[in-house]
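Asker: Take this structure first; my questions come after.
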């Protein structure tokens, strides 16, 4: 996880300062792993009063610009944010129960290489979401 001092240094390098809401939002992203802005806001609100949803959205945008978090669209709703820099991964999203599982990037490297070679397309694996039915829901359907 990005520490308090690391975040402060990154912000200072951009002429910004570390505020409590920025620290709280980043901590929530790391704690929740995959969360929408509303979920992050709820988590932050449990720890500190007065941080509104607009602040959460602006902070997430800043943290993404600083390459500390990224987002993926895992449903038709709000984007889901997760930490950046640990390991790049795609997402498996169950249409039955909504469970989200991480898919290690090496599993998509072949596809990414083929797309680059045949189409000149560079796949952003961190933004990939594959939809289907998880093992548990698939078993229940049978």
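In this note's numbering, the protein residues as written are 2 to 143.
Note that the Cβ used here is the ideal one computed from N, Cα and C, for glycine as well.
What ranges does the beta strand (DSSP E) occupy inside the stretch 46 to 134, keeping only unbroken runs of at least 3 residues that lie completely in it?
Answerer: Correct list: 70 to 73, 81 to 84, 90 to 95, 101 to 105 and 130 to 133.
Asker: What's the gap between the Cα of residue 60 and the Cα of residue 91?
Answerer: Position 59 of the chain shown holds residue 60. Position 90 of the chain shown holds residue 91. About 23 Å.
Asker: For residue 112, is the classification buried or exposed, using 16 other Cβ atoms within 10 angstroms of its Cβ as the cut-off for buried?
Answerer: Position 111 of the chain shown, counted from the start, is the residue given in the question as residue 112. The residue in question, residue 112, is exposed, as its Cβ has fewer than 16 Cβ neighbours within 10 Å.
Asker: Starting from the N-terminal side, write out each stretch of the alpha helix (DSSP H) that is 4 residues or longer and does not extend beyond the stretch 17 to 50.
Answerer: Within the stretch 17 to 50, the complete alpha helix (DSSP H) runs of at least 4 residues are 21 to 33 and 38 to 48.
Asker: Do you know offhand how far residue 98's Cα is from residue 52's?
Answerer: Taking the chain shown and counting its residues from 1, one reaches residue 98 at position 97. Taking the chain shown and counting its residues from 1, one reaches residue 52 at position 51. Cα to Cα, residue 98 sits roughly 31 Å from residue 52.
Asker: If you drop the 5 nearest sequence neighbours on each side, which residues of the same chain put their C-beta closer than 8 Å to that of residue 36?
Answerer: Numbered from 1 along the chain shown, position 35 holds the residue referred to as residue 36. Result list for residue 36: 29, 30, 44, 81, 82 and 83, in chain order.
Asker: Where does residue 15 fall in DSSP's three states?
Answerer: As a first step, residue 15 is located in the chain shown; it is residue number 14 there, counting from the start. Note: residue 15 maps to coil in three-state DSSP.
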